[in-house]
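Protein chains in written order, with the numbering used here: chain P, 9 to 347; chain L, 9 to 347.
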């Protein structure tokens, strides 16, 4: 079996570290591996499969001879480095928002639209975590009975904002419990997250939506290949470490029973239905963290529209929401003979 | 000014204590006041306006000579005591779900449908906290442009489940931070709430909805007097102490602009619009706790339906969501000459 020269860009970050873990867990065919990050992190030692690696500064030269770059170092870094990475012959699977909506960049969820990889020109974009888990659940339904409209309210974990946000949640929570909490001048998240919820992710746009919300609309349309699909999101940060939850209302052109919806989703690779009210079984973030699957429950007829269903979708935002899907894309490209 | 003999039923609970605080803050015209609770709490000493009171067991005899009973001791207690309380000539303003959907019981939000008090037969029901804040925001919109459909996803604080649930949240959070957390056999909430979210409030019904969700559908219809209004809810508990948040999608028969909606809600007594993305101003539970108002923000055109708006509604679930509205109902009844 062919083996590949792999570089992880942003190796020291939360998603970068998870990518390394997943490459190991899935026995990815690695010829060589290189850790790269911003010059701030250069020189840091990291372990991978019992060998020590020194993090290199992410310059164009660092990617000479590399076949696959798995990137999650931020949109501006990706924008700067991707052209030279592609020119040097590597493919870059990018976790940032830099290229997602670019026409010549496939935006791919491994189980949902791997076919789009065929037209790649070197850059492949990994969708936003919130979009990822939503579409894992919706794709099998949409294939069976086309979707007309999607409304989603998210309950997003702080880990999507990085390790500093996790520390912030923990420190704030501890000091609020102790009664020593004092408002800090500078925080990673836009507001206090300890024992609070924040209806604000990313910058605000002119139409009153946040970037996080608009990503869900635009990326859903691109991945499902329905350019005018009606999608509106409200994205909210909650005091949870890992695991995004979503309350989703999905309207079809025709009625779809909850039973049929559960059957379709259960049969879809990567989706697990947990939906038994009698035993209080439904997905929750504390049970999805560290898992690969997207969990769906609370599937029920929308009381306000005969053609719609309500459901509850939970997944580990760092694994399927980011790192896992990036590695799965690389695997798919190997399988499809694209690298 | 006439003064009244008041009894608080469930005086030792979270809502009962808040009722006492509000009676004092609003200078309610009290001739005498009596604290009652389950026999378990009988004998406990409580302070009110610098006097000490001993909690009495809530028996029918305890309410002889009382004019107004403010009740929040649980649905079964209300069901048991309300008939004799009414027979003895008092009115009972009940915070539980016991009588809310009963045809001859007005279900009242003070600012929304006080007119319904006129037909009371002794029992007046206080709506569920989640319904309360929702309808405070929707009423001025509905009066201007009738509502066709409401979809709501809640982010509910634990205080709605009582002081034990707050302690549970705090203890779980502390032990999770310390790394000493161990799953407990018996919890107040149906699942771990520390750094988690739980899509489950009240018992599950046959249609897959929870009691908490169905309350929102049924109570909204009754209060707005639109028996077939399309309303569907997903109710979720989040690790917040006080302050329920709601992500709401409201569809009208005709388009309504966000500007007009803000104007209408701002002009409605008890509602405050906080909606300035430029300064990161939007309602949050940590800023609504302890306040009387219902706060609305993130008002924007639904990208998926020209006739709909998305918005974000936050309020203190113990104050306007329960105790405050009960006292306001008593005040309205005095004002209307009903007691």
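Using N, Cα and C, we set each Cβ at its ideal position, and we do this for glycine too. Keep in mind that this is a model prediction, so the values were computed, not measured.
Grab the span of the beta strand (DSSP E) containing residue i for me, first residue to last.
i	result
residue 102 of chain P	99-102
residue 261 of chain P	Unbroken run through residue 261 of chain P: none, as it is neither H nor E.
residue 43 of chain L	38-45
residue 246 of chain P	Per DSSP, residue 246 of chain P belongs to no beta strand (DSSP E) and is neither H nor E.
residue 14 of chain L	12-17
residue 349 of chain P	Nothing can be reported for residue 349 of chain P, as the shown portion of chain P is limited to 9 through 347.
residue 61 of chain P	59-62
Assign residue i to one of three DSSP states: helix, strand, or coil.
i	result
residue 109 of chain L	coil
residue 228 of chain L	helix
residue 312 of chain L	coil
residue 208 of chain L	coil
residue 284 of chain P	strand
residue 54 of chain P	strand
residue 301 of chain L	coil
residue 155 of chain L	strand
residue 192 of chain P	coil
residue 201 of chain P	coil
residue 214 of chain L	coil
residue 72 of chain P	coil
residue 335 of chain P	helix
residue 127 of chain P	helix
residue 233 of chain L	coil
residue 346 of chain L	coil
residue 326 of chain L	coil
residue 277 of chain P	coil
residue 164 of chain L	strand
residue 319 of chain L	strand
residue 66 of chain P	coil
Just the C-alpha distance for residue i and residue j, rounded to the nearest angstrom, thanks.
i	j	result
residue 30 of chain L	residue 278 of chain L	15 Å
residue 216 of chain L	residue 205 of chain P	26 Å
residue 185 of chain P	residue 280 of chain L	29 Å
residue 63 of chain P	residue 159 of chain P	42 Å
residue 253 of chain L	residue 208 of chain P	13 Å
residue 263 of chain P	residue 248 of chain P	34 Å
residue 126 of chain P	residue 243 of chain P	32 Å
residue 33 of chain P	residue 123 of chain P	25 Å
residue 129 of chain L	residue 55 of chain L	32 Å
residue 211 of chain L	residue 179 of chain L	25 Å
residue 86 of chain L	residue 292 of chain P	34 Å
residue 223 of chain P	residue 108 of chain P	9 Å
residue 68 of chain P	residue 50 of chain P	14 Å
residue 173 of chain P	residue 181 of chain P	12 Å
residue 150 of chain P	residue 258 of chain P	10 Å
residue 134 of chain L	residue 103 of chain L	5 Å
residue 234 of chain L	residue 175 of chain L	39 Å
residue 141 of chain P	residue 322 of chain P	7 Å
residue 169 of chain L	residue 144 of chain P	34 Å
residue 164 of chain L	residue 163 of chain P	12 Å
residue 52 of chain P	residue 171 of chain P	17 Å
In the DSSP assignment, the alpha helix (DSSP H) including residue i goes from what residue to what residue?
i	result
residue 176 of chain L	171-186
residue 138 of chain L	137-152
residue 121 of chain P	118-121
residue 27 of chain L	22-33
residue 79 of chain L	Residue 79 of chain L -> not in any alpha helix (DSSP H); beta strand (DSSP E) instead, spanning 76-79.
residue 267 of chain L	266-274
residue 96 of chain L	That residue, residue 96 of chain L, is in no alpha helix (DSSP H); it is neither H nor E in DSSP.
With hydrogens ignored, establish whether the beta-carbon of residue i is closer than 7 Å to any heavy atom of the ligand COA.
i	result
residue 77 of chain L	Among the components of this structure there are no ligands whatsoever, and the ligand COA is therefore not found.
Report the neighbours of residue i on chain B: residues whose CB is nearer than 9 Å to its CB, in chain order.
i	result
residue 12 of chain L	No chain B is present in this structure, whose protein chains are P and L.
Inset, instruction - Check each residue of the segment 279-311 of chain P: if its Cβ is closer than 9 Å to any Cβ of chain L, include it; give the result in chain order. - result: 283, 285, 286, 288, 290, 291, 292, 293, 294, 295, 305, 306, 307, 308, 309, 310 and 311
Inset, instruction - Check whether the segment 222-235 of chain L touches the segment 260-280 of chain L, counting contact only when three or more Cβ pairs, one atom from each stretch, lie closer than 8 Å. - result: no
Inset, instruction - Report the residues of the segment 136-161 of chain P with a CB closer than 8 Å to any CB of chain L, ordered along the chain. - result: 157, 158, 159 and 161
Inset, instruction - Residues of the segment 173-192 of chain P with a CB closer than 7 Å to any CB of chain L: list them in chain order, please. - result: 178, 181, 182 and 185
Inset, instruction - Could you list the residues in the segment 314-326 of chain L with a C-beta less than 7 Å from some C-beta on chain P, going in chain order? - result: 318 and 320
Inset, instruction - Name, going along the chain, the residues of the segment 216-242 of chain L whose beta-carbon falls closer than 9 Å to a beta-carbon of chain P. - result: 216, 217, 218, 221, 222, 225, 237, 238, 239, 240, 241 and 242
Legend entry - Inter-stretch contact (C-beta, 8 Å, three-pair minimum) for the segment 236-255 of chain P and the segment 149-169 of chain P: yes
Legend entry - Cβ pair count under 8 Å reaching 3, the segment 61-77 of chain L against the segment 94-102 of chain L: yes
Legend entry - Contact set between the segment 24-41 of chain P and chain L, restricted to residues whose Cβ is under 8 Å from the partner: none
Legend entry - Residues from the segment 196-213 of chain P in contact with chain L, defined by Cβ distance under 7 Å: 198, 199, 200, 203, 204, 205, 206, 207, 208 and 212
Legend entry - Touch test, the segment 37-51 of chain L against the segment 39-56 of chain P, Cβ-Cβ under 8 Å, three pairs minimum: no
Inset, instruction - Check whether the segment 12-26 of chain L touches the segment 289-301 of chain P, counting contact only when three or more Cβ pairs, one atom from each stretch, lie closer than 8 Å. - result: no
Inset, instruction - Please list the residues of the segment 56-85 of chain P that have a C-beta atom closer than 7 Å to any C-beta atom in chain L, keeping them in chain order. - result: none
Legend entry - Residues of the segment 255-281 of chain L whose Cβ lies closer than 8 Å to any Cβ of chain P, in chain order: 255, 257 and 266
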